[in-house]
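In this note's numbering, the protein residues as written are 344 to 475. Think of the CB as a built atom: it goes at the ideal place given N, C-alpha and C, for glycine as much as any other residue. This structure is a prediction, so every number in the text was calculated from the model and none was measured. Accompanying notes for the structure given below.
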């Protein structure tokens, strides 16, 4: 099997990380398409797209992100993300989103009208830049 690392960023682009969100959206679509291809060929190979939120790793250090801007309750540990991914794998889930908060956010972003989502992302980016 294959676990592709995506992100909850796949569910909504934000100014300043358009490339990141877009590639994660692509990763989810690719994983879904690959799962269909494999199933159509009766392949035993399975796939999953893992969509964590903020995870305590070197990733955010490498991009120079100020972690204090994100509430502590949103930070996940790498061990937790892996455990949740493997739990979803055992349940046969195609998309794995660790943590109920991120599941709720992803659902909210999928259901929100795109123009409203865009306005909220722009407003949030402006507010974040002012607070720096």
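DSSP-derived helix/strand/coil call for residue i
i, result
"residue 347", "strand"
"residue 424", "helix"
"residue 429", "helix"
"residue 399", "coil"
"residue 419", "strand"
"residue 438", "strand"
Other residues of its chain near residue i: CB distance less than 8 Å, five sequence neighbours each side excluded
i, result
"residue 391", "344, 345, 346, 347, 374, 428, 431, 432, 436, 437, 438 and 439"
Cβ of residue i within 8 Å of any chain C Cβ
i, result
"residue 344", "The question asks about chain C, but that chain is absent: this structure has only one protein chain."
CA-to-CA distance, residue j to residue i, given in whole angstroms
i, j, result
"residue 368", "residue 356", "9 Å"
"residue 411", "residue 397", "12 Å"
The beta strand (DSSP E) enclosing residue i, as first and last residue numbers
i, result
"residue 454", "Here residue 454 belongs to no beta strand (DSSP E); instead the alpha helix (DSSP H) covers 443 to 454."
"residue 392", "390 to 393"
Own chain partners of residue i with C-beta closer than 6 Å, once the 5 adjacent residues on each side are dropped
i, result
"residue 377", "390"
"residue 418", "397 and 399"
Start-to-end residues for the alpha helix (DSSP H) that takes in residue i
i, result
"residue 361", "361 to 383"
Close beta carbons around residue i, own chain, < 7 Å, minus the five adjacent residues each side
i, result
"residue 423", "441"
(message) Contact between the stretch 383 to 390 and the stretch 406 to 418 is defined here as three or more beta-carbon pairs at a separation below 8 Å; is this criterion met?
(response) no
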